[in-house]
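Q: Per the working numbering, the sequence shown runs over residues 186 to 423. Could you have a look at this structure, given as structure tokens, before my questions?
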Amino acid sequence: MRTFFRLYWPWLLVLAGGTVLMVTIALTWPQFFPPQSATAPGRVAEIAAQSPAAATTGTAISGTAQSTAIHNSANLPAAAPTPGPTPLPAEQLAHSQELHRLGDTVAARSHLAALLDETGLERSIRLQARFQLVKSYLADAEYSQALAELDQLNVEFPVAAGSDAALDTSLDQDLAAKSEFLRAVALAGLGHYGESLAAYTRFLDAYPQLAAAIQPRIARTHLALGDAAGAAAAYRAA
Numbered sequence: 186m187r188t189f190f191r192l193y194w195p196w197l198l199v200l201a202g203g204t205v206l207m208v209t210i211a212l213t214w215p216q217f218f219p220p221q222s223a224t225a226p227g228r229v230a231e232i233a234a235q236s237p238a239a240a241t242t243g244t245a246i247s248g249t250a251q252s253t254a255i256h257n258s259a260n261l262p263a264a265a266p267t268p269g270p271t272p273l274p275a276e277q278l279a280h281s282q283e284l285h286r287l288g289d290t291v292a293a294r295s296h297l298a299a300l301l302d303e304t305g306l307e308r309s310i311r312l313q314a315r316f317q318l319v320k321s322y323l324a325d326a327e328y329s330q331a332l333a334e335l336d337q338l339n340v341e342f343p344v345a346a347g348s349d350a351a352l353d354t355s356l357d358q359d360l361a362a363k364s365e366f367l368r369a370v371a372l373a374g375l376g377h378y379g380e381s382l383a384a385y386t387r388f389l390d391a392y393p394q395l396a397a398a399i400q401p402r403i404a405r406t407h408l409a410l411g412d413a414a415g416a417a418a419a420y421r422a423a
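Given below as structure tokens:
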């Protein structure tokens, strides 16, 4: 054995030294050559620069901005509706007549007043609108207002006729005669029975075929005046 060590001890020293060197390299290798990440180098730097707190803050800021945008959009004023075309005067008149038929006389008068305020209104529309306005007042037993509108209608008849200055159209004649009936009703409502009888008579002169409907009204007007004989004659004429 001693002979073996004397012959081979230099080689044993070399072998032992090599073993120590390999162990040392194995232990220190990660310090000098760290393992590579599967993440791309550019992304590594980005992730390293952004801490978890920064990432969380960025998400919060993004959410806040989105919420603010939604809130602001909700507070934006709604777009104004596009106004429709203005109804023609004839359509406005028809609408007023429909409101009257449905019993909404206040709305009917409002539409009629607006229509009568229009400049350059066609004569036939103006006369019909005024006539309808009288009927609306009578429907609500507003006799004084109805009578005032009838007086205005009488003024407008020759004006509406223009250069003719006469009631030479069928519409004018029809409205003029019918306005006498409305006048009779308004006067009777105000207690002016004598004037009411005269208006009824003028209406019957234009529409004698309506005697069956008008004579009973005349009879009641006679009774209001205490004229029983006149009332009896009116009932017989009905």
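We put the CB at the ideal spot given by N, CA and C, even for glycine.
Within the continuous alpha helix (DSSP H) that includes glutamate 303, where are the two ends?
A: Element bounds for glutamate 303: n/a, residue is neither H nor E.
Q: Evaluate the contact criterion for the stretch 279-292 versus the stretch 300-318: three or more CB pairs, one atom per stretch, below 8 Å.
A: Yes, the stretch 279-292 is in contact with the stretch 300-318.
Q: Which first and last residues belong to the alpha helix (DSSP H) in which alanine 423 is found?
A: Looking at the DSSP string, alanine 423 is not in any alpha helix (DSSP H), and its letter there is neither H nor E.
Q: Report the start-end ranges of each alpha helix (DSSP H) in the stretch 270-313 that is 4 residues or longer and not cut off at the edges.
A: Fully enclosed alpha helix (DSSP H) runs of 4 or longer: 274-286 and 290-301.
Q: Between which residues of its own chain and alanine 293 is the CB-CB distance below 6 Å, once the five residues before and five after are set aside?
A: Closer than 6 Å at Cβ, skipping near neighbours: Ser281, Leu284, His285 and Ser321.
Q: Tyrosine 328 by DSSP, collapsed to three states: which one?
A: Residue state, collapsed to three classes: helix.
Q: With a threshold of 16 other CB atoms inside 10 Å of the CB of serine 381, please say whether the residue is buried or exposed.
A: By the neighbour-count rule (16 or more Cβ atoms within 10 Å), serine 381 is buried.
Q: Using only CA atoms, which one of Leu300, Ala409 and Gln317 lies nearest to leucine 360?
A: Closest by alpha carbon: Gln317.
Q: By DSSP, does glycine 411 sit in helix, in strand, or in coil?
A: Note: glycine 411 maps to coil in three-state DSSP.
Q: Which class does leucine 318 belong to by DSSP, given the choice of helix, strand or coil?
A: In this structure, leucine 318 counts as helix in the three-state DSSP scheme.
Q: Helix, strand or coil for leucine 360, going by three-state DSSP, please let me know.
A: Reduced to three states, the DSSP call for leucine 360 is helix.
Q: In chain order, what residues of the same chain have a beta carbon less than 7 Å from the beta carbon of histidine 455, not counting five sequence neighbours either side?
A: There is simply no residue 455 to check, as the chain begins at 186 and stops at 423 in what is shown.
Q: Strictly under 8 Å for the Cβ-Cβ distance: is isoleucine 399 near chain B by that measure?
A: Among the protein chains of the structure shown there is no chain B, as only one such chain exists.
Q: Give me the Cα-Cα distance between glutamate 327 and arginine 421, rounded to the nearest whole angstrom.
A: About 31 Å.
Q: DSSP three-state label for tyrosine 392, please.
A: Correct three-state label for tyrosine 392: coil.
Q: Below 8 Å on the Cβ atoms is my contact criterion, and I expect isoleucine 378 with arginine 402 to pass it. Report the Cβ-Cβ distance as a whole number of Å.
A: The amino acid occupying residue 378 in the given sequence is tyrosine; isoleucine does not appear at that position. Wrong, their Cβ atoms sit about 11 Å apart, outside the cutoff.
Q: So leucine 297 and serine 329 are in contact, right, with Cβ under 8 Å, and what is the actual spacing, rounded?
A: Actually they are not in contact, since the Cβ atoms of leucine 297 and serine 329 sit about 17 Å apart, beyond 8 Å.
Q: Using a 10 Å radius around the Cβ and a threshold of 16 neighbouring Cβ atoms, would you call aspartate 302 buried or exposed?
A: Exposed is the call here.
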